[in-house]
Amino acid sequence: MKNHREKTVITTSIISICANLVLVGFKATVGFLSNSIAIITDAINNLSDALSSIITIIGTKLAGKAPDKKHPYGYGRVEYITSLIVSAIVLYAGITAFIESVKKIITPEDVDYDVVTLIILVAGIIVKFALGLYVKKKGRAIKSDSLIASGADAFNDAILSISVLASAIIYMIFNVSLEAYVGALVSIFIMKAGLELIKDSIDNVLGTRIESKLAKSIKREVLKEEDVKGAFDLVLNDYGPDKYLGSIHIEVDDRLTVADIDKISRRITKQVSRKYGVTLHTIGVYSINTKDKNVIEAKQKVEKIVSSHKEILQMHGFYLDTEDKTINFDIIIDFEAKDREKIYQDIYDAVQKEFKGYKIIITLDVDMSD
110 MKNHREKTVI TTSIISICAN LVLVGFKATV GFLSNSIAII TDAINNLSDA
160 LSSIITIIGT KLAGKAPDKK HPYGYGRVEY ITSLIVSAIV LYAGITAFIE
210 SVKKIITPED VDYDVVTLII LVAGIIVKFA LGLYVKKKGR AIKSDSLIAS
260 GADAFNDAIL SISVLASAII YMIFNVSLEA YVGALVSIFI MKAGLELIKD
310 SIDNVLGTRI ESKLAKSIKR EVLKEEDVKG AFDLVLNDYG PDKYLGSIHI
360 EVDDRLTVAD IDKISRRITK QVSRKYGVTL HTIGVYSINT KDKNVIEAKQ
410 KVEKIVSSHK EILQMHGFYL DTEDKTINFD IIIDFEAKDR EKIYQDIYDA
460 VQKEFKGYKI IITLDVDMSD
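In structure tokens form, the structure reads like this:
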């Protein structure tokens, strides 16, 4: 599966490189001959796409290296670093093209469009639309964000090329030169794309919230186990595209034996890995008190106290030990809450007041997944 994914990314990227370099050659030639900054800027945009694909190939090859002692989780995150490099190239290309376009606006120069120019621009638009369809389809097939983004970028390039074509037609018919302004417009779109790519790359390096659909699907899968009463604290660490290692807590009755829980954990690990490609290396356990009615009543009292605070997203892992006189539970406070520490303290004080003589242990969990 891994080799197939890598091969698809590389093959698709090579096709994209070849197509873009051909477009660069034709557009640059026509742009210089016609003295059109708009067409030259369009060629620069295609060149940045080709360079991006080259770096994508390099990143994919490096990311495919086998894990070693120093990097036991592999080199998958290299793709995020190469994406950052690609982003910088795109942004630089946009800034350079914008500066040249502004110069042409300040000091206009005559342009010389002809039928050949129009044919090349139309052909470029068709190629870009076709390339976008092809790359996006391949990206979706192997769940490659970089290919999907490249496909979307090709569509945007085609739309920008239409604006270049429109400016050429307007000049030929009405003798009104808009090409420097169109060049500036194309440059702005290139810079915008570069900035968005930089943001996405930085987010991937820093680590982002688990995709809501994936998190909910994994939890639903875990809850299919008959003896599992709750699934919480799902944490997934991203070690490259589609490579997740993580952990989860499950709630089970305190009547289950260690052997029972071991079987449940093994089934969960196997099923989640098979269905979602996610490795749950740790499955923690919250034990639910089931033997004492007083404990159940105590839980209901605590739940009432906690739920009185609208900023609380979830409470779980409740356990009351009558022998040690301790009460344990976890809460999740909304990131948007203004004073998380005060909310925590208010809940702690209220529970302590309700259960005098008990040691209250409240774990403040992070809202990591839906």
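Residues in the sequence shown are numbered from 110 upward in steps of one, following our numbering.
We put the CB at the ideal spot given by N, CA and C, even for glycine.
Rounded distance between the beta-carbons of residue j and residue i, thought under 8 Å
i: D347; j: G316; result: 6 Å
i: F427; j: F438; result: 4 Å
i: I421; j: L473; result: Contact doesn't hold; Cβ gap of about 11 Å is too wide.
i: S272; j: E288; result: No, S272 and E288 are not in contact; Cβ-Cβ is about 10 Å, not under 8 Å.
i: L389; j: I377; result: 7 Å
i: Y453; j: I442; result: 7 Å
i: V220; j: S143; result: 5 Å
i: I208; j: Y290; result: In fact, because the Cβ distance is near 14 Å, the residues do not count as touching under 8 Å.
i: L429; j: A407; result: 5 Å
i: A159; j: V133; result: 7 Å
i: L345; j: I319; result: 5 Å
i: M300; j: I204; result: 6 Å
Counterpart residues of residue i in DSSP-defined beta bridges
i: F298; result: Paired residues: none, contrary to the question.
i: H425; result: D439
i: F341; result: H358
i: I456; result: None; I456 has no bridge partner.
i: T378; result: The partner list for T378 (beta bridge, DSSP) is empty, contrary to what the question assumes.
i: I392; result: I357
i: L473; result: I440
i: K468; result: T435
i: V387; result: Y353
i: I397; result: D362
i: N346; result: L354
Beta-carbon gap between residue i and residue j smaller than 8 Å
i: S125; j: S162; result: yes
i: E103; j: I405; result: Because the chain spans 110 through 479 in this model, residue 103 falls outside it and cannot be assessed.
i: K434; j: G466; result: yes
i: K384; j: E305; result: no
i: A232; j: I153; result: no
i: G292; j: A206; result: yes
i: S270; j: L230; result: yes
i: Y457; j: I471; result: yes
i: A258; j: L240; result: no
i: Y184; j: Y222; result: no
i: E360; j: H425; result: yes
i: A267; j: I297; result: no
i: T121; j: L256; result: yes
i: V475; j: S253; result: no
i: S416; j: T391; result: no
i: A137; j: V295; result: no
i: P176; j: S286; result: no
Residue burial classification, residue i (beta-carbon count within 10 angstroms, cutoff 16)
i: A128; result: buried
i: K515; result: Residue numbering for the chain in the displayed model covers 110 to 479; residue 515 lies beyond these limits and cannot be assessed.
i: H76; result: The structure shown does not extend to residue 76, since the chain is modelled only from 110 through 479, so no value can be given for it.
i: E188; result: buried
i: T165; result: buried
i: L342; result: According to the sequence shown, residue 342 is Asp rather than Leu. D342 comes out buried.
i: F135; result: buried
i: V172; result: The residue you asked about is not Val; residue 172 is Ala in the sequence shown. Label assigned to A172: buried.
i: I282; result: exposed
i: S321; result: exposed
i: V367; result: exposed
i: N403; result: exposed
i: T169; result: buried
i: V244; result: buried
i: K247; result: buried
i: I278; result: exposed
i: K328; result: buried
i: Y395; result: buried
Euclidean distance between Cα positions of residue i and residue j
i: V225; j: T150; result: 18 Å
i: E412; j: S192; result: 46 Å
i: T399; j: L332; result: 19 Å
i: L156; j: V236; result: 15 Å
i: K325; j: V381; result: 12 Å
i: G393; j: M477; result: 16 Å
i: I123; j: V337; result: 48 Å
i: I370; j: G339; result: 14 Å
i: S145; j: F238; result: 23 Å
i: G349; j: D309; result: 14 Å
i: I190; j: I251; result: 20 Å
i: Q423; j: D455; result: 16 Å
i: Y353; j: T431; result: 39 Å
i: D363; j: V314; result: 40 Å
i: L130; j: D448; result: 55 Å
i: K379; j: A302; result: 40 Å
i: K451; j: L323; result: 32 Å
i: I265; j: K178; result: As written in the sequence, residue 265 is Asn, which differs from the Ile given in the question. Going by the C-alpha atoms only, they are around 43 Å apart.
Contact with chain D by residue i, beta-carbon distance below 8 Å
i: R364; result: This model lacks chain D altogether, as it is built from one protein chain only.
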